[in-house]
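Take a look at the structure set out below.
Protein chains in written order, with our numbering: chain A, 1 to 115; chain B, 116 to 226.
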C-alpha cells in the first residue's frame, strides 16, 4: 500500500512568493494532519481534518497560512505571502480512527526554504 | 497544555548495547505513540501504546498510564537505530485529537 505522499519534497522560494504544499493521505484514512518541524519549536500541529472537515486550526501561525481538503484523497497547505521564518519541514500525516485518531502515519515531508 | 518530557536528550551507544528511553507526561492521555525519525528525516510510527506493553522485534514499549510515563526499550542496538525518538500524546479531554510531541531523544549507535 502507498503511504502518505507529499509534494514537493523540496521548495526554495523568495520572500513574498506563494507556496503550495500538497498531500495525498493513505486511502481509507479519515483524519489528516499538517505538522511543521523546526529546530526551535520541534513538531507542531498546524491543523487537522476529519472526513475532509477542518476540526482544529488553532496551530496555524497566522492568516498567511491556509489549508484545504477538497476531497478524501487530497489536501493543500498554502502560505501567502511566504516569509523567511516559515522555513521548516512540513509534514502531512493521516490516520484512521472511530471518534479519535489511531496510529499516525507521516509522509516524507516537504522542506521549505524561504530566502 | 500537557507537558511531554523525554529523557535522556542524547544517548550514544556501542552497537549491540541495550537502552531505555523514557517519556513522562503531565496529564491523563487517550493516546500515546512512539516514533523514530531517521537521519533522512522520515518519521516512522513504532508503537501505538496508550497502555500496556507491546513488542516488535528488538523494540518494545510499556506505558503505565496511571503513573503517566512510557518506556521504549531497544535491545541489541544497531547503527540503523540511530536517529531521534519521539513520544507523542493526546490529552484525555473531549474533542482533543491533537498529538503533542516531546522534544525527542537523539540516539547515536556507533559500530
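For each residue, glycine too, the CB sits at the ideal point set by N, CA and C. As the structure is a prediction and not an experimental result, all values here were calculated from the model.
- Nearest in C-alpha terms to residue 181(B), of all of 197(B), 141(B), 119(B), is 141(B).
- Contacts with chain B at 9 Å (Cβ-Cβ) do not include residue 74(A).
- When DSSP assignments are scanned along the region 140 to 165 of chain B, the uninterrupted stretches of beta strand (DSSP E) that are 3 or more residues long and fall wholly within it turn out to be 144 to 152, 158 to 163.
- Taken through DSSP and simplified to helix, strand or coil, residue 84(A) comes out as helix.
- Per the C-alpha coordinates, the member of 165(B), 183(B), 187(B) positioned closest to residue 171(B) is 187(B).
- Per DSSP, the unbroken beta strand (DSSP E) holding residue 70(A) starts and ends at 65 to 71.
- Interface with chain B (9 Å Cβ-Cβ cutoff): residue 86(A) is excluded.
- Going by beta carbons, residue 89(A) and residue 37(A) fall inside the 9 Å limit.
- With respect to residue 104(A), residue 13(A) sits apart: the two C-beta atoms are not nearer than 9 Å.
- Annotation: residue 177(B) to residue 55(A) spans about 31 Å, alpha carbon to alpha carbon.
- Bounds of the beta strand (DSSP E) holding residue 203(B) are 198 to 206.
- For the region 144 to 175 of chain B, the residues whose beta carbon sits under 7 Å from a beta carbon of chain A are, in order, 145, 146, 148, 156, 157, 158, 160, 163.
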